[in-house]
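Enquirer: Input: one structure, supplied below.
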Amino acid sequence: MTPEEWGRVKGILDGALERPASERAAFLDAACGSDGALRERVESLARAAESDGGMLDAENAVAAGVEVPPMPGRAGERIGVYALTAEIARGGMGVVYLARRADDAFERRVAVKLMRPGLVSEQDLRRFRGERQIAAGLDHPYIARLLDGGTTAAGEPYLVMEHVEGEPLLEYCRARGLPVRERLRLFREICAAVQYAHQHLVVHRDLKPGNVLVTPEGTPKLLDFGIAKLLTEGSAAEGADRTATLERVLTPEYASPEQVRGRPVTTASDVYSLGVVLYELLSGEKPYRIASSDPAELLRVVCEREPERPSTRTAGLSADLDAIVLKAMRKEPERRYPSAAALSEDVGRYLDGQPVEARRGSAAYRASRFVRRHRVGVAATALVLVALAGGLFATWREAARARAAEERAERRFNDVRRLANSFLFEFHDAIRDLPGATPARALVVRRALEYLDSLAKESTGDRALRRELAEAYRRVGDVQGNAFMANLGDLQGASESYRKAIALLEPSVAGPGDSDADQETLATTYLVDGGLALSEGQAAAALEITKKGLALRQARAERAPGDADRQMALAQAWQYVAYDATIAGKSAEAAAALAKQASILEAQRLERPADRAVRRSLGQNAYLGGDAAANASDLPRALERYRAAAEIQQGLAAEDASSVTFQRDLAYSLTAIGNTEAALGQTAAALDDFGRTLAVFERMAAADPKSTDARLGLAMSHHNVGQALTKLGRPDEALAAYRRARPAYEAVVAASPQAAWASGMLGTLYLDTADVEQSGDPGSACELYGKAVNMLAPMADSGRLEERRRGQLERARLRRAACHDRS
Amino acid sequence: MEKPSGEEVTALLKEWSAGDRGALERLMPLVYGELRKLAASHLRTERGDHTLQPTALVHEAYLRLVGQRSVTWANRAHFFGIAAQMMRRVLVDHARRRQAAKRTPGTLYVAAGPDAGVPDRVPELLALDRALTELERLDPRQARVVELRFFAGLSVEETAEVAGVSTATVKREWRTARAFLRHEIGLEAGAWG
Numbered sequence: 017m018t019p020e021e022w023g024r025v026k027g028i029l030d031g032a033l034e035r036p037a038s039e040r041a042a043f044l045d046a047a048c049g050s051d052g053a054l055r056e057r058v059e060s061l062a063r064a065a066e067s068d069g070g071m072l073d074a075e076n077a078v079a080a081g082v083e084v085p086p087m088p089g090r091a092g093e094r095i096g097v098y099a100l101t102a103e104i105a106r107g108g109m110g111v112v113y114l115a116r117r118a119d120d121a122f123e124r125r126v127a128v129k130l131m132r133p134g135l136v137s138e139q140d141l142r143r144f145r146g147e148r149q150i151a152a153g154l155d156h157p158y159i160a161r162l163l164d165g166g167t168t169a170a171g172e173p174y175l176v177m178e179h180v181e182g183e184p185l186l187e188y189c190r191a192r193g194l195p196v197r198e199r200l201r202l203f204r205e206i207c208a209a210v211q212y213a214h215q216h217l218v219v220h221r222d223l224k225p226g227n228v229l230v231t232p233e234g235t236p237k238l239l240d241f242g243i244a245k246l247l248t249e250g251s252a253a254e255g256a257d258r259t260a261t262l263e264r265v266l267t268p269e270y271a272s273p274e275q276v277r278g279r280p281v282t283t284a285s286d287v288y289s290l291g292v293v294l295y296e297l298l299s300g301e302k303p304y305r306i307a308s309s310d311p312a313e314l315l316r317v318v319c320e321r322e323p324e325r326p327s328t329r330t331a332g333l334s335a336d337l338d339a340i341v342l343k344a345m346r347k348e349p350e351r352r353y354p355s356a357a358a359l360s361e362d363v364g365r366y367l368d369g370q371p372v373e374a375r376r377g378s379a380a381y382r383a384s385r386f387v388r389r390h391r392v393g394v395a396a397t398a399l400v401l402v403a404l405a406g407g408l409f410a411t412w413r414e415a416a417r418a419r420a421a422e423e424r425a426e427r428r429f430n431d432v433r434r435l436a437n438s439f440l441f442e443f444h445d446a447i448r449d450l451p452g453a454t455p456a457r458a459l460v461v462r463r464a465l466e467y468l469d470s471l472a473k474e475s476t477g478d479r480a481l482r483r484e485l486a487e488a489y490r491r492v493g494d495v496q497g498n499a500f501m502a503n504l505g506d507l508q509g510a511s512e513s514y515r516k517a518i519a520l521l522e523p524s525v526a527g528p529g530d531s532d533a534d535q536e537t538l539a540t541t542y543l544v545d546g547g548l549a550l551s552e553g554q555a556a557a558a559l560e561i562t563k564k565g566l567a568l569r570q571a572r573a574e575r576a577p578g579d580a581d582r583q584m585a586l587a588q589a590w591q592y593v594a595y596d597a598t599i600a601g602k603s604a605e606a607a608a609a610l611a612k613q614a615s616i617l618e619a620q621r622l623e624r625p626a627d628r629a630v631r632r633s634l635g636q637n638a639y640l641g642g643d644a645a646a647n648a649s650d651l652p653r654a655l656e657r658y659r660a661a662a663e664i665q666q667g668l669a670a671e672d673a674s675s676v677t678f679q680r681d682l683a684y685s686l687t688a689i690g691n692t693e694a695a696l697g698q699t700a701a702a703l704d705d706f707g708r709t710l711a712v713f714e715r716m717a718a719a720d721p722k723s724t725d726a727r728l729g730l731a732m733s734h735h736n737v738g739q740a741l742t743k744l745g746r747p748d749e750a751l752a753a754y755r756r757a758r759p760a761y762e763a764v765v766a767a768s769p770q771a772a773w774a775s776g777m778l779g780t781l782y783l784d785t786a787d788v789e790q791s792g793d794p795g796s797a798c799e800l801y802g803k804a805v806n807m808l809a810p811m812a813d814s815g816r817l818e819e820r821r822r823g824q825l826e827r828a829r830l831r832r833a834a835c836h837d838r839s
Numbered sequence: 159m160e161k162p163s164g165e166e167v168t169a170l171l172k173e174w175s176a177g178d179r180g181a182l183e184r185l186m187p188l189v190y191g192e193l194r195k196l197a198a199s200h201l202r203t204e205r206g207d208h209t210l211q212p213t214a215l216v217h218e219a220y221l222r223l224v225g226q227r228s229v230t231w232a233n234r235a236h237f238f239g240i241a242a243q244m245m246r247r248v249l250v251d252h253a254r255r256r257q258a259a260k261r262t263p264g265t266l267y268v269a270a271g272p273d274a275g276v277p278d279r280v281p282e283l284l285a286l287d288r289a290l291t292e293l294e295r296l297d298p299r300q301a302r303v304v305e306l307r308f309f310a311g312l313s314v315e316e317t318a319e320v321a322g323v324s325t326a327t328v329k330r331e332w333r334t335a336r337a338f339l340r341h342e343i344g345l346e347a348g349a350w351g
């Protein structure tokens, strides 16, 4: 074909491929005319275009599975005093080259192992030098000596080792058809080398047949002693990346349960790996085939599955050898041979025809593990044994297979259920108040929702499960956006989760039967959902939802009047009603609710004076009393209530400094005190109290820089400080404070536009800043008035603007209009 | 090999676009080495699921070599063009070596390492390379599109940008090129009689 011909073919081919198959013939008739060869060519190409299979199906070469060379070929290159001559091996850690000392008078061949870039960090390298000293100290005929090491000019770490001419263990045995006794003698030599290293405090960590070369004289040489440690313990890779490194570097088939779990590795881990090596040496097969790269699967197989006896894989192996291998491979390190030497001795006993140590107690061991794993199944198994005797083996096996499938399905369901629960109720609660936990909590939420949604699909009918699920959804919602807790600021997500919980529960509560537990879960969900509505600026709706929760809790308290928990739950519901009523502007209703709450709490305090939950609630009660008084314009009473709250909270925060909850309670009361003082004209005192608030939020933000709560609190405090400074006639300092407030508000509003509180605050901040800027920088002031209007007006339009900010919006509009007039 | 500085690469790109063929010769090994290193470290973490995107590699190599600042578009386009050619060369050279190594009976010990079980793409890749060389002769621009899409892993949009053509053109070129290449590979294998 010529380029011209291809141009023509391509044009027609393109037209043909563009058309549906039904129209193609007609198109080709017209395009090719009587040129039969052309038409044939196009048709052939079109068939090729529509055939599949082959690498061109993939998006690109790497996706098609084309191998990318891990490292450039380096033969001929010089590293330090070593000249690389040829590549001899390639593995997870890097490439091994044959090399010779370029400056040596006598020819000395060595192996240079170049690590893959990225596996080892600077820090590791420093540690590596120390490790190298230790490993280099190993001097044993069966251990390949580590001679040197360092980093290349390009920063790749390398190791120089004694060059071993030999074959990998299994190939050596296979090629020579080595009998079992010979294999065992070789294995004992390997054990001796491992024992020697252990006595010199070096653990191999990556023992596998590939790391044992056997020289033509039949001497084993162990490679890479102590090197795996360098790669698996370092800080080069963290988290997932590190796991990947680990999987890649360690060969999962030979790794011990404790290694797979990431637990500390000891000499017992090498004993385990020796057991696996022996398994393969005897049976020719690995104990497990780990096909999946899923870490959970790896964990399950290595940590839970009992290996089959090697004799089941190959004929003629003695039960003694089974026992030895299985003892070395026990899941629990303390039940293995205490040392490589002890393992070797037992093999020696077998070779000498003496009874082996491993047989002692191994039947009991197996039985105990069996019972532990199949508690329910044991009785059934006894029956099955009878059946077996009666020759019903095949029947039994069929039944067992069916039952196993059923059990697996149920176990899976329960696993997922337990996982969802443990994530939420244990893991999340454990980290909830820990500073710095925000990203971890977000991850918990994502994972938990995945599990819950999949469980919810299968939950129909089972009432207990529905409640469990609802509870779990509610907790997820809390973490996402409960305004009363440190949350992730995902109000939309929270609202969805709450709705799912309510939908699961309402039918149970309305339906027949005892629904006490469902009622409590539903009550709690209503209460937090009310809080969420409040965060979204819908105070009236919030109050209605919250009262639904109150009604349920009242009913529960009446059913069991002496139950302290129910009393506390009821007190809390009253508090939420009071809070919502205050925000909704219903001060009389709020005051009545607070009085109800206070009387319940005082009664509880008499019974349990040190109880922190009771004290915290009393603090909140006082705080809300302050809010109610402030709303009724009784500022002196408000100040008194806020101070009462702060006093209680100061005590709690001092008792438990690590609790974010107590810190936040205190910060809010101090803010309220400052605001009230400012309103009373006590600006200097207000400035002091805002300063104290700032300090509390700074502590919180320092502990958890990602916490939305702490950042908003900081912004609010700077904002308040700025307002006080403005009043005190210190505009420059005020502007500086406002500038500090802005980024956090803006970030929160950008991330969660429906966060009414932050949006309102930001609007006010623009306005406040503009007011100060007006005398110095009118242009910037005008721009800020515009921003204030743009922020507040949509909120007013959707009914989410608080009463007190309506005037601010009006003012911002007037000022902006004045700017337009001037220009 | 010392890591080349961003300035060095930028300067070489400029010289090359000004017509200095020698600059390309000096540039190739720099990019080549960088790509290989990146590919190696990516494969290490991505192993098994083939999610490694050469695009990511090439972009990353670009950032590492040239840096983000003060880079004109022409440089970027040149870079991706070179990188695509290089990815092709890297992969094909490696495949050839593998094939050669397999032919020699086991004199050298090659660990049955992490590569065991990966489907052998070597013969097909080499056939593809030959077919692409033929396409290069017939239609150099179309061959470039294949290199950018298949070897550098660029998206249709990115390819259009780098090649300076419309996305519709890229789609058309890719589709007909794929037909051509499949056909050629099939001819080698005797599939289309």
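Read top to bottom, the protein sequences are chains L and R. So the first sequence is numbered by this note's numbering: it starts at 17 and just counts up by one. So the second sequence is numbered by this note's numbering: it starts at 159 and just counts up by one. Ideal Cβ positions, reconstructed from N, Cα and C, are used throughout, including at glycine.
#1: Is there a Cβ from chain R that is less than 8 Å from the Cβ of residue 605(L)?
#2: Can you tell me whether residue 595(L) is helix, strand or coil according to DSSP?
#3: Whose C-beta lies closer than 6 Å to the C-beta of residue 641(L) among residues of the same chain, with five residues either side of it excluded?
#4: Residue 578(L) bridges to which residues according to DSSP?
#5: Looking only at its chain, what residues have a beta carbon closer than 8 Å to the beta carbon of residue 292(R), apart from the 5 residues adjacent to it on each side?
#6: Across which residues does DSSP place residue 287(R) in a beta bridge pair?
#7: Specify, as a first and last residue, the run of the alpha helix (DSSP H) that residue 747(L) falls within.
#8: When the Cα of residue 12(L) is compared with those of 41(L), 50(L), 60(L), 39(L), which residue comes out closest?
#9: Going by other Cβ atoms of all chains shown within 10 Å of its Cβ, with 16 needed for buried, is residue 39(L) buried or exposed?
#10: Tell me which residue opens and which closes the alpha helix (DSSP H) that residue 24(L) is part of.
#11: Beta carbon of residue 126(L), beta carbon of residue 100(L): below 8 Å?
#12: Given a cut-off of 8 Å on the beta-carbon distance, is the pair residue 613(L) and residue 568(L) in contact?
#13: Quick check on the DSSP output: the beta strand (DSSP E) that includes residue 164(L) runs from which residue to which?
#14: At which residues does the alpha helix (DSSP H) containing residue 273(L) begin and terminate?
#15: Taking residue 70(L) as the query, report the chain R residues whose CB atoms sit under 8 Å from its CB, ordered along the chain.
#16: Residues in its own chain within less than 7 Å of residue 573(L) by CB, not counting five upstream and five downstream?
#17: Is the number of C-beta pairs between the stretch 618 to 625 of chain L and the stretch 592 to 601 of chain L that are closer than 8 Å three or more?
#18: Identify the continuous beta strand (DSSP E) that holds residue 173(L) and give its terminal residues.
#19: Are the C-beta atoms of residue 254(R) and some chain L residue less than 8 Å apart?
#20: Measuring CB to CB, does residue 337(R) end up less than 8 Å from residue 29(L)?
#21: Please report the Cβ distance between residue 736(L) and residue 687(L), rounded to the nearest whole angstrom; I am assuming they are in contact, meaning their Cβ atoms lie under 8 Å.
#22: Checking contacts by CB at 8 Å: is residue 484(L) closer than that to chain R?
#23: Shortest alpha-carbon distance to residue 366(L) belongs to which of 717(L), 354(L), 341(L)?
#24: What number of angstroms, rounded off, separates the C-alpha of residue 478(L) from the C-alpha of residue 515(L)?
#25: Closer than 8 Å, CB to CB, is residue 128(L) near chain R or not?
#26: Starting from the C-beta of residue 683(L), find all residues in its chain whose C-beta is less than 7 Å away, skip the five residues before and the five after it, and write them out in chain order.
#27: With a cut-off of 8 Å, does the C-beta of residue 655(L) fall near any C-beta of chain R?
#28: Looking at residue 296(L) and residue 229(L), is the spacing between their C-beta atoms short of 8 Å?
#29: Which residues bound the beta strand (DSSP E) around residue 129(L)?
#30: Say whether chain R places a C-beta atom closer than 8 Å to the C-beta of residue 252(L).
#31: Pull up the distance between the alpha-carbon of residue 46(L) and that of residue 71(L), whole angstroms please.
#32: Sorted by chain position, which residues of the same chain lie with C-beta nearer than 6 Å to residue 302(L)'s C-beta, five sequence neighbours on each side aside?
#33: Which residue comes first and which comes last in the alpha helix (DSSP H) that contains residue 481(L)?
#34: Leaving aside the five residues before and after residue 726(L) along the sequence, list all residues of the same chain whose C-beta is less than 7 Å from its C-beta, in chain order.
Expert: Result, derived from the coordinates:
#1: no
#2: helix
#3: 610, 657
#4: Paired residue(s): none; residue 578(L) is not in a bridge.
#5: So the list reads 342, once near-sequence residues are dropped.
#6: DSSP, once it has assigned bridges, lists no residue as partnering residue 287(R).
#7: It spans 747 to 767 - the alpha helix (DSSP H) in which residue 747(L) sits, taken as one unbroken run.
#8: Only positions 17 to 839 of chain L appear in the structure, and residue 12(L) is not among them; the question remains open.
#9: exposed
#10: If you look at residue 24(L), you'll find it in the alpha helix (DSSP H) that goes 19 to 34.
#11: no
#12: no
#13: The continuous beta strand (DSSP E) containing residue 164(L) extends over residues 162 to 167.
#14: 273 to 276
#15: 282, 340, 343
#16: 582, 583, 586
#17: Contact between the stretch 618 to 625 of chain L and the stretch 592 to 601 of chain L is absent, because fewer than three Cβ pairs lie under 8 Å.
#18: 173 to 178
#19: no
#20: The Cβ-Cβ distance between residue 337(R) and residue 29(L) falls below 8 Å.
#21: Yes, residue 736(L) and residue 687(L) are in contact; Cβ-Cβ is about 7 Å, under 8 Å.
#22: no
#23: 341(L)
#24: 19 Å
#25: no
#26: Sequence-distant partners of residue 683(L) (beyond 5 residues in either direction) whose C-beta falls short of 7 Å from its own C-beta, in its chain, are 709, 712, 713, 729.
#27: no
#28: no
#29: 125 to 131
#30: Confidence is the limiting factor: at residue 252(L) the pLDDT is only 36, short of 50, which leaves the residue's position unreliable, though a coordinate-based value still follows. Not an interface residue.
#31: In a straight line, the C-alpha of residue 46(L) is about 33 Å away from that of residue 71(L).
#32: 269, 296
#33: For residue 481(L), the enclosing alpha helix (DSSP H) has its first and last residue at 479 to 497.
#34: 713, 716, 717, 720
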